[in-house]
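The structure appears below as structure tokens.
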Amino acid sequence: MTDALHPFGPHFGFGLYVHWPYCTRICPYCDFNVYAAKDRDPSLLVEAICADIHAHRSRMPDHGALDSVYLGGGTPSLLQPSDVQKILQTADDVFGVKPGAEVTLEANPNDIMRADLTGLRSAGVNRLSVGVQSLRDSALAFLGRDHDADGAKASVARAMRVFQSLSVDLIYARPDQQADDWQTELEDVLALGMPHLSLYELTIKEGTAFGLAVGRGQISPMPDDDQADLFELTQDILDKAGLPAYEVSNHAMSPAHQSVHNLIYWQGGDWIGAGPGAHGRVTVGGHRYAYEAQLRPEVYMANMQALGTGWGDAQRLEPKAIAQELLSMGLRPTSGIDIARIEAVTGQPVSREKIAVFADEGWVRFDQGVLSLTAAGRLLADALTAQLSP
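With the working numbering, letter number 354 in the sequence shown gets 431, and the count goes up by one each step, no holes.
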């Protein structure tokens with residue numbers, strides 16, 4: 078009943094995403110809002126981000142304390158602990174950060190080897206997400222990474238001495254990747270003892286270096302059927318290893334190690350985005366708004382100084398758009414979504430006939446009003462969501 082009365086908003090969590098767009102190099106697969114870090118003064122952007130957090134409070138006077146803070150990018154591990162502390166202290170001063178809130182910082186392996194990890198922990202970070210991407214040197218070279226497999230392992234070992242909560246990112250379904258090699262690589266990753274893994278199939282996007290290479294015929298993406306086989310192999314290996322999927326791409330040793338911040342996205346909570354290109358979803362006066370900050374750091378900082386905001390126009394979402402987003406995000410976690418929430422937003426029933434057909438095919442489960450994807454259904458998540466959307 079409560080979820081139907083409050084189908085979206087801070088009832089499902091409230092987070093802050095901070096986007097740090099600078100990188101020492103741009104990876105060939107990356108289509109995020111990123112820029113070369115060379116000759117950039119980080120203090121100017123830190124000041125703008127802190128001002129942005131302050132500006133959010135005036136628009137959201139009734140929101141309580143934050144359940145999570147996530148510093149992503151880009152490469153936020155390029156920041157000094159003092160800069161991280163300034164951002165986190167601003168968030169705490171303006172909104173409050175709940176005791177025990179999850180505070181994550183994305184980190185590259187080479188940065189971890191030279192970073193003041195104790196300083197980051199003292200600044201308020203309590204979780205690292207390490208961009209390992211592979212434990213094969215040839216794959217790391219292909220992916221444009223600036224570390225090798227031994228360096229990745231050493232960085233994880235160093236991080237584990239300071240942080241209890243860690244996650245590792247990996248990219249698989251690379252061109253010509255073989256199932257037996259991926260199985261061995263996964264076993265090598267499991268030997269690191271990570272409580273959380275994020276495993277992403279390589280997606281080649283237009284405008285990236287890989288996208289251009291595909292257009293020139295220099296590389297070929299893995300066929301869909303082969304990707305599906307690797308996905309199923311991944312689920313089987315990690316299930317047996319005690320890291321079952323709790324979302325399409327994410328695996329955790331226990332619920333305590335699941336990403337609080339990402340669950341806010343998937344469950345329809347509110348989050349504010351600060352930093353160039355950061356997105357937000359906020360609920361004010363019973364209405365849900367979507368917005369995106371200015372993309373280019375120079376424009377974002379200039380607007381913060383001149384206008385007191387880095388936002389573009391905030392868009393008030395119509396009920397149908399809210400329902401579609403709730404469904405597409407809510408089906409990603411294995412826990413699924415109570416479809417009464419979607420029906421409460423639109424006033425329209427979700428097709429029980431389609432649900433029954435998909436259940437008969439073995440793609441979804443529908444139990445006491447909660448719709449969730451099966452392992453087979455997770456391979457078809459986007460297509461099933463499109464079919465079920467109001």
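Glycine is no exception: its CB is placed at the ideal position from the N, C-alpha and C atoms.
On a predicted model such as this, the values are computed, not experimentally measured, just so you know.
Return the chain-ordered list of same chain residues with a C-beta closer than 7 Å to the C-beta of residue i, the five sequence neighbours on each side being excluded.
{"i": "Ala229", "result": "Pro186, Val209 and Leu212"}
{"i": "Leu457", "result": "Trp440"}
{"i": "Lys431", "result": "Gln464 and Leu465"}
{"i": "Pro298", "result": "Pro252, Ile281 and Val291"}
{"i": "Leu197", "result": "Pro158, Val161 and Leu182"}
{"i": "Thr423", "result": "Pro396, Lys397, Ala400 and Pro467"}
Tell me where the alpha helix (DSSP H) around residue i begins and ends.
{"i": "Glu183", "result": "Run containing Glu183: none in the alpha helix (DSSP H); it sits in the beta strand (DSSP E), Val174 to Ala184."}
{"i": "Arg304", "result": "Reading the sequence as shown, one finds Gln at residue 304 and not Arg. Unbroken alpha helix (DSSP H) run through Gln304: Asp301 to Lys317."}
{"i": "Val376", "result": "Pro374 to Leu384"}
{"i": "Ser331", "result": "Looking at the DSSP string, Ser331 is not in any alpha helix (DSSP H), and its letter there is neither H nor E."}
{"i": "Gly150", "result": "Gly150 -> not in any alpha helix (DSSP H); beta strand (DSSP E) instead, spanning Leu143 to Gly150."}
{"i": "Leu274", "result": "Per DSSP, Leu274 belongs to no alpha helix (DSSP H); it is in the beta strand (DSSP E), His273 to Glu278."}
{"i": "Leu194", "result": "Leu194 to Ala200"}
{"i": "Ser405", "result": "Pro396 to Gly407"}
{"i": "Leu269", "result": "Unbroken run through Leu269: none, as it is neither H nor E."}
Using 9 Å as the threshold, is the C-beta distance between residue i and residue j below it?
{"i": "Gly473", "j": "Phe172", "result": "Outside the displayed span of the chain (78 to 467) sits residue 473, for which this structure offers no information."}
{"i": "Leu122", "j": "Met378", "result": "yes"}
{"i": "Leu156", "j": "Cys100", "result": "no"}
{"i": "Ser336", "j": "Glu179", "result": "yes"}
{"i": "Gln425", "j": "Pro467", "result": "yes"}
{"i": "Leu384", "j": "Leu315", "result": "no"}
{"i": "Leu310", "j": "Ala256", "result": "yes"}
{"i": "Leu450", "j": "Val361", "result": "no"}
{"i": "Ala226", "j": "Asp214", "result": "yes"}
{"i": "Gly454", "j": "Phe435", "result": "yes"}
{"i": "Pro272", "j": "Leu320", "result": "yes"}
Tell me where the beta strand (DSSP E) around residue i begins and ends.
{"i": "Ile349", "result": "Asp347 to Ala351"}
{"i": "Val359", "result": "His356 to Val361"}
{"i": "Val441", "result": "Val441 to Asp444"}
{"i": "Ala367", "result": "His364 to Glu369"}
Residue i to residue j, Cα distance in whole Å?
{"i": "Ile189", "j": "Asp144", "result": "25 Å"}
{"i": "His224", "j": "Gln445", "result": "48 Å"}
{"i": "Leu217", "j": "Tyr323", "result": "27 Å"}
{"i": "Met137", "j": "Gly387", "result": "16 Å"}
{"i": "Arg409", "j": "Leu269", "result": "26 Å"}
{"i": "Thr79", "j": "Ser120", "result": "Per-residue confidence for Thr79 stands at a pLDDT of 47, beneath the threshold of 50, marking its modelled position as unreliable; the derived number appears in the next sentence. So the alpha carbons of these two residues sit roughly 44 Å apart."}
{"i": "Tyr94", "j": "Trp259", "result": "32 Å"}
{"i": "Ile130", "j": "Val233", "result": "31 Å"}
{"i": "Gly288", "j": "Ala452", "result": "29 Å"}
{"i": "Ser428", "j": "Ile419", "result": "11 Å"}
{"i": "Gly389", "j": "Asn380", "result": "10 Å"}
{"i": "Ala367", "j": "Gly86", "result": "12 Å"}
Report all residues from its chain with a CB closer than 6 Å to the CB of residue i; omit the five preceding and five following residues, and keep chain order.
{"i": "His356", "result": "Gly350 and Glu369"}
{"i": "Asn327", "result": "Ser275"}
Within a Cβ cutoff of 8 Å, which residues of the same chain sit near residue i, ignoring the five residues on either side of it in sequence?
{"i": "Val266", "result": "Val209, Leu212, Val245, Leu247 and Leu274"}
{"i": "Val447", "result": "Ser412, Gly413, Ile414, Asp415 and Ile416"}
{"i": "Pro332", "result": "Tyr323"}
Can you check the stretch 87 to 166 for any beta strand (DSSP E) of at least 3 residues that lies completely inside it and give the ranges in chain order?
91 to 97 and 143 to 150
Please give me, in chain order, every unbroken run of the beta strand (DSSP E) with length at least 3 that falls completely inside the stretch 202 to 245.
204 to 210
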